[in-house]
Amino acid sequence: MASMVEVKDLNMNFYTMDGELQVLKDVNFTVEEGEILALLGPSGSGKSTLLNILTKLLKPTSGDVEIKGKIGYMFQRDHLLEWRTIMDNITIALEIQKKLTDEAKEKIESLLKAYDLWDFRNRYPRELSGGMRQRVALIRTLSINPDILLLDEPFSALDYQTRILVSDDITKIIKRERKTTILVTHDISEAISMGDKVAVLSKRPAKIKSTYDIELTLNEEKTPLSARKAPEFKDYFDLLWKDLDVYNKEEKNEG
Ligand code: ADP
Ligand code: MG
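Below, the structure is given as structure tokens:
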């Protein structure tokens with residue numbers, strides 16, 4: 001099988017006024033075609049830094065990164081422009097690159113229709129719910145026809161129930177469009193319910209502590225909502241909870 005992303009012996013240090021900050025240490029992983037890899041790690045462990053290295057916004061201190069294809073990057077906030085309609089928000093990236101061809105327009109139309117946003121194409125972002133806005137942001141990311149999607153905690157601004165519903169929608173879209181995806185999250189349930197594979201990052205300097213193939217027994221298609229009903233869900237939760245070492249700081253006082 002073809003690996004779409006290969007990360008080898010990646011190290012990243014920041015040099016600041018206070019000295020050197022080691023953020024990533026010997027990070028290795030691959031992502032196969034069509035796979036969703038969930039990168040699970042505590043806040044400040046270096047997840048966004050890692051994504052910024054993959055998109056070449058940042059140059060690593062050492063190591064190799066191989067990317068096969070075009071990257072689409074979706075951020076925590078949707079960054080929709082309030083004064084542009086939904087359609088104009090989606091077409092903006094291609095417009096700027098002067099690549100808004102008839103074919104590209106047709107693709108956008110079919111995405112809007114497939115994912116229940118066609119009737120809202122002439123509305124403004126403020127008229128949409130948080131979940132719909134996130135779907136618009138995904139369609140905008142898909143409009144450049146990326147091979148690999150990078151999602152940086154895309155649901156963390158939404159309330160809990162909305163987050164589950166939106167992650168369900170987004171996962172269905174990613175799977176139907178057959179995109180290779182890296183989802184960065186600090187949420188254990190989100191990682192299990194969306195990922196085909198989960199890799200756990202340790203605290204800083206972050207290493208990949210463990211990797212799990214998520215295999216769930218389900219009578220229906222795996223979606224973030226249905227995944228939570230699988231008997232194995234809790235077992236993965238316990239494993240990941242242990243690997244994340246959530247108690248580490250507090251336990252020191254108790255000896
Ligand atoms: P995460 O996304 O996992 O929450 P980040 O990748 O944003 O973590 O940050 C990892 C660490 O690196 C944090 O301690 C952050 O303060 C630090 N950091 C991020 N960017 C820079 C930078 N440009 N210069 C110095 N330190 C940085
Ligand atoms: Mg981050």
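When you line the sequence shown up against full-length UniProt numbering, it's residues 1 to 255, in that order.
C-beta atoms are modelled at their ideal positions from N, C-alpha and C, and glycine is treated no differently.
Status (buried if at least 16 other CB within 10 Å, exposed otherwise) for serine 143: buried
According to the Cβ coordinates, are isoleucine 173 and tyrosine 115 closer than 7 Å? yes
Taking only three categories from DSSP, how would you classify alanine 2? coil
Return helix, strand or coil for isoleucine 71, following the three-state DSSP convention. strand
Where valine 166 sits in the DSSP three-state scheme: helix
Inspect the CB distances between the segment 52–67 and the segment 212–227 and report whether three or more fall short of 8 Å. no
Considering only residues of the same chain and omitting the five flanking positions on each side of aspartate 243, which have a CB-CB separation below 7 Å? Val200, Lys209 and Ser210
In whole angstroms, what separates the C-alpha of isoleucine 90 from that of isoleucine 71? 17 Å
Report the CB separation of glycine 195 from leucine 50 in whole angstroms; it is logged as a contact under 8 Å. 16 Å between Cβ atoms; not a contact.
In whole angstroms, give me the CA-to-CA distance for glutamate 103 and lysine 47. 35 Å
For leucine 21, is the classification buried or exposed, using 16 other Cβ atoms within 10 angstroms of its Cβ as the cut-off for buried? exposed
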